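Quick note: the sequence shown uses full-length UniProt numbering, first residue 1, plus one each step. The C-beta atom is built at its ideal place from N, Cα and C for all residues, glycine as well. Quantities reported herein were computed from a predicted structural model and do not represent experimental measurements.
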Amino acid sequence: MTTLLISDLHLHPGAPAITDGFFAYLEQTASKADALYILGDFFEAWVGDDILDLPEAEPSGNAALVKRVATALHDLSSAGTAVYLMHGNRDFLIGKRFADACGATLLDDPTLLDNDGEPILLMHGDSLCTRDEAYMAFRAQARDPQWQAQILAMSIPERLALAKQIREQSGDANSNKAEDIMDVTPEEVTKAMKAHDTTLLIHGHTHRPDVHDLTLDGQPAKRIVLGDWHPDQGWDIRLEAGEGPELRDFPLDAPPSA
1 MTTLLISDLH LHPGAPAITD GFFAYLEQTA SKADALYILG DFFEAWVGDD ILDLPEAEPS
61 GNAALVKRVA TALHDLSSAG TAVYLMHGNR DFLIGKRFAD ACGATLLDDP TLLDNDGEPI
121 LLMHGDSLCT RDEAYMAFRA QARDPQWQAQ ILAMSIPERL ALAKQIREQS GDANSNKAED
181 IMDVTPEEVT KAMKAHDTTL LIHGHTHRPD VHDLTLDGQP AKRIVLGDWH PDQGWDIRLE
241 AGEGPELRDF PLDAPPSA
């Protein structure tokens, strides 16, 4: 059984090369796998599933992009590749309606994946960055159902403007933060892995792709970080029964085989 994991594509109308690369990846790579897991920040911003109600010609280009993506993932799912979606810090408002349009299953964060008897902890990764106190405060607010209801009560243009404002503020704030503050807190990694009784954690969010060797209670363990996608480069992890996980980077115009 072949399982693929990706994260942090940050799809948006202004990055057509990444969108085209994603469609090529679905056709040439994911279509040959048994399952595809998308571990958050699939979109640069998500303002609500009702974006599907807008005409494709609406000015922002978001509706056209979302509908193309939903159709492509639904085709993949219908052809036999199971599709799973996890929320990220950019697209935490993705709901069941969009997941259904994709033929996908929404995942909790964290989620345990059984890979041929080996439990693998899947996370987006932002909840591990506890040293970034300002972000953690925003994360708590953004996951509050009442706050989400207030946001979704706004018009779509208002939500798009708010999402742009939040991204700009986040970029300004991050430029003044120390690099280690925006990375995971090692103690939180250990805590999460012990709580789920696993020696393998896979996440995204930090945009720092790497394989980290750890020791948990005297046993070898690993934390594998997915990379974010760029106009000329993508990242995935390939899981195959009986084999170790493989972190791969690839040119978007030449996706790897499953």
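Under the rule that 16 or more other beta-carbon atoms within 10 Å means buried, what is residue i, buried or exposed?
i, result
"residue 189", "buried"
"residue 251", "exposed"
"residue 123", "buried"
"residue 254", "exposed"
"residue 215", "exposed"
"residue 229", "buried"
"residue 193", "buried"
"residue 48", "buried"
"residue 16", "exposed"
"residue 245", "buried"
Do the CB positions of residue i and residue j come within less than 7 Å of each other?
i, j, result
"residue 125", "residue 212", "no"
"residue 113", "residue 120", "yes"
"residue 242", "residue 235", "no"
"residue 300", "residue 9", "Any property of residue 300 remains undetermined from this structure, which presents the chain solely from 1 to 258."
"residue 223", "residue 185", "no"
"residue 231", "residue 18", "yes"
"residue 221", "residue 199", "yes"
"residue 64", "residue 163", "no"
"residue 225", "residue 210", "yes"
"residue 60", "residue 201", "no"
"residue 109", "residue 86", "yes"
"residue 187", "residue 2", "no"
"residue 72", "residue 107", "no"
"residue 24", "residue 258", "no"
"residue 30", "residue 111", "no"
If you drop the 5 nearest sequence neighbours on each side, which residues of the same chain put their C-beta closer than 8 Å to that of residue i?
i, result
"residue 77", "83, 102, 103, 104"
"residue 11", "18, 19, 22, 42, 43, 44, 65, 69"
Who are the near neighbours of residue i in its chain, counting only those whose CB is closer than 6 Å to its CB and skipping five residues on each side?
i, result
"residue 74", "102, 103"
"residue 135", "none"
| task | Mind the definition here: the segment 28-41 touches the segment 88-100 only if three or more C-beta pairs lie below 8 Å; say whether that holds. | result | Segments in contact, yes.
Start-end ranges of the beta strand (DSSP E) lying completely within the segment 102-127, minimum 3 residues:
Assignment of beta strand (DSSP E) within the segment 102-127, counting only whole runs of 3 or more residues, yields 104-107, 111-115, 118-122 in chain order.
- prompt: Unbroken alpha helix (DSSP H) runs of length 4 or more, entirely within the segment 4-91: which are they?
  reply: With a minimum length of 4 residues, the unbroken runs of alpha helix (DSSP H) contained wholly in the segment 4-91 fall at 16-28, 62-78.
3-residue-minimum beta strand (DSSP E) runs that sit fully inside the segment 174-227, ordered along the chain = DSSP runs (the beta strand (DSSP E)) wholly in the segment 174-227: 200-203, 210-216, 219-225.
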